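Below is one structure; the comments refer to it alone.
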Amino acid sequence: MFIVKLFEDLSKDFSQLLDASDDYDVVIQAGEISDFKEFKAHSNVLRARSPYFKAALSNQWANPQSGVTIFKKSNISSDVFRFILCYIYTGIIDLTDQSSSNILSLLVASDELMLDKLVDQIQKHVRILTLTFFKLQSCTTLQDHIMKTICKNPKPFLELEEFPNLDKDIFLKLVERDDLDIEEIDIWKYLIKWGKASISSNKKSMMDVTKWEKSDFALFKKSLDPFIPHIRLHEISSEEFFHHVRPYKKAIPKDLYEDLMAYQMANITPKVSKLHPRYGSINIDSAIIEKDKAAIIINWIEKRTIFSRKPFYQFTLTYRATRDGFEYNKFIANNNSSGAIIGLIKIKDSKKIIGGYNPLGLRNNNNRYSGSNRYRQQWESTNDSFIFCFGDEEGSDVHILSRVKNSSYAIYNYNGYWMNFGNSDLLLNGGSGSCSQSYYENTILDTNSFVVEELETFVVSQTI
1 MFIVKLFEDL SKDFSQLLDA SDDYDVVIQA GEISDFKEFK AHSNVLRARS PYFKAALSNQ
61 WANPQSGVTI FKKSNISSDV FRFILCYIYT GIIDLTDQSS SNILSLLVAS DELMLDKLVD
121 QIQKHVRILT LTFFKLQSCT TLQDHIMKTI CKNPKPFLEL EEFPNLDKDI FLKLVERDDL
181 DIEEIDIWKY LIKWGKASIS SNKKSMMDVT KWEKSDFALF KKSLDPFIPH IRLHEISSEE
241 FFHHVRPYKK AIPKDLYEDL MAYQMANITP KVSKLHPRYG SINIDSAIIE KDKAAIIINW
301 IEKRTIFSRK PFYQFTLTYR ATRDGFEYNK FIANNNSSGA IIGLIKIKDS KKIIGGYNPL
361 GLRNNNNRYS GSNRYRQQWE STNDSFIFCF GDEEGSDVHI LSRVKNSSYA IYNYNGYWMN
421 FGNSDLLLNG GSGSCSQSYY ENTILDTNSF VVEELETFVV SQTI
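Each residue of the sequence shown is one higher than the one before, starting from 1 at the first, in UniProt numbering.
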């Protein structure tokens with residue numbers, strides 16, 4: 001059998017196809033205004049190389065104009081997208097002279113476009129960056145960027161062959177983060193693996209914990225001590241606790257272990273460990289907020305701390321203005337009688353995000369307000385509704401919460417209004433709205449009116 005593999009020639013030929021852009025049928029608009037650029041490409045190549053583009057350029061999604069499909073990816077910079085397009089056509093990517101920031105942006109974009117092999121290669125490169133930059137005190141912004149990238153999908157990093165030798169401070173920074181998207185039992189298992197490696201290079205001698213000497217446990221406990229306060233051990237199931245936590249009880253502070261046993265055996269609320277669940281596992285398909293703000297909203301809904309082994313709320317997107325259009329009938333049809341609902345509003349020309357929680361749902365049914373009743377009004381009563389505002393600064397913790405103070409006037413239903421909390425405490429009427437404090441505790445905006453840039457609604461349901 002004689003087989004000739006000329007992959008290098010194939011790569012060069014496809015590179016020429018990209019450079020010449022002959023017979024292109026897709027124009028991809030990448031980047032924001034400052035770095036906006038258009039790239040000409042071929043749908044057949046994009047679909048063959050990327051599952052994301054295979055779906056996005058299907059007949060159902062594509063909207064060709066004059067035989068050319070315009071595809072917008074403003075969230076990916078033009079520099080990063082140029083590298084991705086080169087990889088798609090040639091299978092080659094050179095990270096040699098790229099900045100760390102560009103490499104990390106490339107990793108996030110590759111993950112979004114479902115380029116799994118490229119993601120794997122970049123993650124190996126990021127591993128080196130992580131070990132290098134976490135030793136430089138001046139690189140705090142980059143360190144946080146690296147951590148956020150790892151937290152979105154930490155297992156590939158934690159499964160690296162070098163993981164057991166990971167610097168303690170780097171691993172601790174990872175475990176401390178609330179946005180770490182991993183089950184708590186898995187964090188514990190990785191910690192045990194790392195802890196064993198930190199006290200002995202002999203893996204076999206550490207396998208059977210029943211054969212450990214007192215000195216082994218003393219060293220092991222010393223290694224784990226900084227991590228224990230950041231592990232949500234109460235979220236681990238009873239079965240997993242028995243098999244994976246109990247054997248190492250000598251490494252856990254006695255008061256904490258007794259606390260955990262009371263919770264596992266008698267469901268007594270923990271007194272020592274009072275950590276909120278991580279929000280990395282919260283799923284919310286939003287173009288307006290990230291998981292951290294969704295976690296804040298969940299805390300507001302609960303009004304109190306609830307210990308749970310799993311996330312307690314699910315966000316189901318029902319309406320997005322830029323997707324579904326600023327149409328009242330569409331808004332009502334998507335949300336009518338849909339249960340407890342969260343409305344999110346991104347204000348135009350501002351970084352502020354406002355919204356409201358309506359536990360009764362949007363029951364503004366057009367059938368009830370037709371004919372002579374089309375201007376009918378109705379107050380809805382609840383003690384649990386609230387409105388809110390997240391501050392100007394990106395990533396800022398500054399926010400305003402305003403709960404209803406007169407439950408009889410919590411929600412005002414009126415045909416034509418999209419949402420109305422109180423007496424215009426938060427009123428939405430299409431692409432604009434107003435805020436004027438009345439039946440809620442606080443005013444959420446320092447201006448009476450606003451223009452909507454984006455609007456989303458989510459059905460909020462409790463999970464078991």
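Quick reminder that beta carbons are idealized off the backbone N, C-alpha and C, glycines included. No experiment lies behind these values; they were computed from the predicted model shown.
Beta carbon of Y190, beta carbon of L219: below 8 Å? Residue mapping note: residue 190 aligns to position 190 of the sequence shown, counting from 1. Residue mapping note: residue 219 aligns to position 219 of the sequence shown, counting from 1. Cβ atoms of Y190 and L219: not closer than 8 Å.
Looking only at C-alpha atoms, which of Y313, Q462, E327 and D169 sits nearest to L428? Working through the sequence shown from its first residue, we reach residue 428 at position 428. Put simply, of Y313, Q462, E327 and D169 the residue whose alpha carbon is nearest the alpha carbon of L428 is E327.
Spatial neighbours of Q437 within its chain, please: C-beta separation below 7 Å, excluding the five flanking residues on both sides. What you label residue 437 is simply residue 437 of the sequence shown in a count that begins at 1. Taken in chain order, the residues that qualify are D425 and T443.
With distances taken from CA atoms, which of S43, N44 and Q29 is nearest K37? Position 37 of the sequence shown holds residue 37. Nearest C-alpha to K37: Q29.
Helix, strand or coil for A30? Go by DSSP, reduced to three states. Mapped onto the sequence shown, residue 30 falls at position 30. In the structure shown, A30 sits in a strand (DSSP, three-state: E or B).
Which of the three DSSP states, helix, strand or coil, is assigned to L95? For this step, residue 95 is matched to residue 95 along the sequence shown. The answer is coil: DSSP assigns L95 none of H, G, I, E or B.
Span separating the alpha-carbon of A410 from that of K330: Translated into the one-based positions of the sequence shown, residue 410 becomes position 410. Translated into the one-based positions of the sequence shown, residue 330 becomes position 330. Cα to Cα, the separation comes out at about 24 Å.
Of the choices N44, F39 and E112, whose alpha-carbon is the least far from that of N75? The residue you call residue 75 lines up with position 75 of the sequence shown. Minimum Cα distance to N75 is reached at E112.
So within the region 171–240, which uninterrupted alpha helix (DSSP H) runs reach at least 4 residues, ignoring any that extend past its ends? Counting only unbroken stretches of 4 or more residues, the alpha helix (DSSP H) elements lying wholly within the region 171–240 are 184–199, 203–207 and 214–224, in sequence order.
Please classify H145: does DSSP put it in a helix, a strand, or coil? Within the sequence shown, numbered from 1, the residue matching residue 145 stands at position 145. For H145, the secondary structure class from DSSP, reduced to helix, strand or coil, is helix.
Top-ranked residue by Cα proximity to A41, from P270, N153 and L85: Here residue 41 is taken as the residue at index 41 of the sequence shown, counted from 1. Of P270, N153 and L85, the residue nearest in Cα terms is L85.
Please work out which residues of its chain come closer than 8 Å, Cβ to Cβ, to V175, disregarding the five sequence neighbours upstream and downstream, and give them in chain order. In the sequence shown, residue 175 corresponds to position 175, counting from 1. Around V175: I187, L191, F227, H230 and I231.
DSSP three-state assignment for L118, whether helix, strand or coil: Residue numbering aside, residue 118 sits at position 118 when the sequence shown is read from its first letter. Here L118 sits in helix by DSSP.
Residue interval of the alpha helix (DSSP H) (run including I296): Mapped onto the sequence shown, residue 296 falls at position 296. Run containing I296: K291 to E302, per the alpha helix (DSSP H) assignment.
Between the alpha carbons of S370 and S43, how many angstroms are there, rounded? In the sequence shown, the residue the question calls residue 370 occupies position 370. In the sequence shown, the residue the question calls residue 43 occupies position 43. With a pLDDT of 45 at S370, under the threshold of 50, the modelled position of this residue cannot be trusted; read the value that follows with caution. Each residue's Cα considered, the two are about 48 Å apart.
At the level of alpha carbons, what is the spacing between D349 and E453? For the purposes of this step, residue 349 is taken as residue 349 along the sequence shown, with counting starting at 1. For the purposes of this step, residue 453 is taken as residue 453 along the sequence shown, with counting starting at 1. Pairing D349 with E453, the inter-Cα distance amounts to about 8 Å.
Taking 8 Å as the threshold (C-beta atoms), are E456 and L317 in contact? As a working mapping, residue 317 is identified with position 317 in the sequence shown. As a working mapping, residue 456 is identified with position 456 in the sequence shown. Yes. Within cutoff.
Tell me which residues share the same chain as M419 and place their Cβ nearer than 6 Å to its Cβ, disregarding the 5 neighbours each side in the sequence. Within the sequence shown, the letter at position 419 stands for residue 419. G343 and L428.
Go ahead and pull the three-state DSSP assignment for K168. Residue 168 sits at position 168 when you count from the first residue of the sequence shown. Note: K168 maps to helix in three-state DSSP.
Cβ distance (whole Å) where K293 is taken to contact F390 below 8 Å: Stepping through the sequence shown from its first residue, residue 293 is reached at position 293. Stepping through the sequence shown from its first residue, residue 390 is reached at position 390. Going by Cβ atoms, the distance from K293 to F390 rounds to 6 Å, so yes, they are a contact pair.
Exposure of L172, with buried meaning 16 or more beta-carbon neighbours within 10 Å: The residue given as residue 172 occupies position 172 in the sequence shown. Exposed, since its Cβ has fewer than 16 Cβ neighbours within 10 Å.
Along the beta strand (DSSP E) that carries R278, what are the first and last residues, could you check? Numbered from its first residue, the sequence shown carries residue 278 at position 278. It is not in any beta strand (DSSP E) - R278 carries neither H nor E in the DSSP assignment.
Once DSSP output is grouped into helix, strand and coil, what is the label at L362? Locating residue 362 in the sequence shown gives position 362, where the first residue counts as 1. In the three-state reduction of the DSSP assignment, L362 falls in the strand class.
Given K168, which residues of its chain have a CB within under 7 Å of its CB, disregarding the five upstream and five downstream residues? On the sequence shown, position 168 is the one that residue 168 refers to. Counting only Cβ-Cβ distances below 7 Å, and skipping sequence neighbours, we find nothing.
Is it right to say L18 is buried, meaning 16 or more other beta carbons lie within 10 angstroms of its own, or is it exposed? Within the sequence shown, residue 18 is the residue found at index 18, counting from 1. The residue in question, L18, is buried, as its Cβ has 16 or more Cβ neighbours within 10 Å.
With H, G and I counted as helix, E and B as strand and the rest as coil, what does DSSP make of C389? Your numbering for residue 389 matches position 389 in the sequence shown. In the structure shown, C389 falls within a strand segment according to DSSP collapsed to helix, strand and coil.
State yes or no: is the C-beta of F83 within less than 8 Å of the C-beta of L104? By 1-based counting over the sequence shown, the position of residue 83 is 83. By 1-based counting over the sequence shown, the position of residue 104 is 104. Cβ atoms of F83 and L104: not closer than 8 Å.
Which residue comes first and which comes last in the beta strand (DSSP E) that contains L426? By one-based count along the sequence shown, residue 426 stands at place 426. Segment L426 to N429, the beta strand (DSSP E) holding L426.
What distance in whole Å lies between the Cβ atoms of D208 and Y279, which are believed to be in contact at a cut-off of 8 Å? Here residue 279 refers to the residue found at position 279 of the sequence shown. Here residue 208 refers to the residue found at position 208 of the sequence shown. Actually they do not touch by this definition, with Cβ atoms about 37 Å apart.
Closest to G422 by C-alpha separation, out of V404, R320 and S434, would be which residue? If you number the sequence shown from 1, residue 422 lands on position 422. Checked all of V404, R320 and S434; the closest Cα to G422 is V404.
Do you know how far the Cα of D22 is from the Cα of D181? Numbered from 1 along the sequence shown, position 181 holds the residue referred to as residue 181. Numbered from 1 along the sequence shown, position 22 holds the residue referred to as residue 22. Approximately 43 Å between the Cα atoms of the pair.
Using C-beta distances below 6 Å, list every residue in its chain close to F450, excluding the 5 sequence neighbours before and after it, in chain order. As a working note, residue 450 is residue 450 in the sequence shown. Answer for F450: I347 and G433, listed in chain order.
Taking the alpha helix (DSSP H) that S438 belongs to, which residues open and close that run? Here residue 438 is taken as the residue at index 438 of the sequence shown, counted from 1. Counted as a single uninterrupted DSSP element, the stretch harbouring S438 is not any alpha helix (DSSP H), since DSSP gives it neither H nor E.
Whole-Å CB distance - N336 paired with Q378, under 8 Å assumed: In the sequence shown, residue 336 corresponds to position 336, counting from 1. In the sequence shown, residue 378 corresponds to position 378, counting from 1. That pair is no contact at about 14 Å.
State the beta-bridge partners of W379 as determined by DSSP. As a first step, residue 379 is located in the sequence shown; it is residue number 379 there, counting from the start. Partner(s): Y412.
Distance between S385 and G361 (C-alpha atoms, nearest Å): In the sequence shown, residue 361 corresponds to position 361, counting from 1. In the sequence shown, residue 385 corresponds to position 385, counting from 1. Their backbone Cα atoms lie some 10 Å apart in a straight line.
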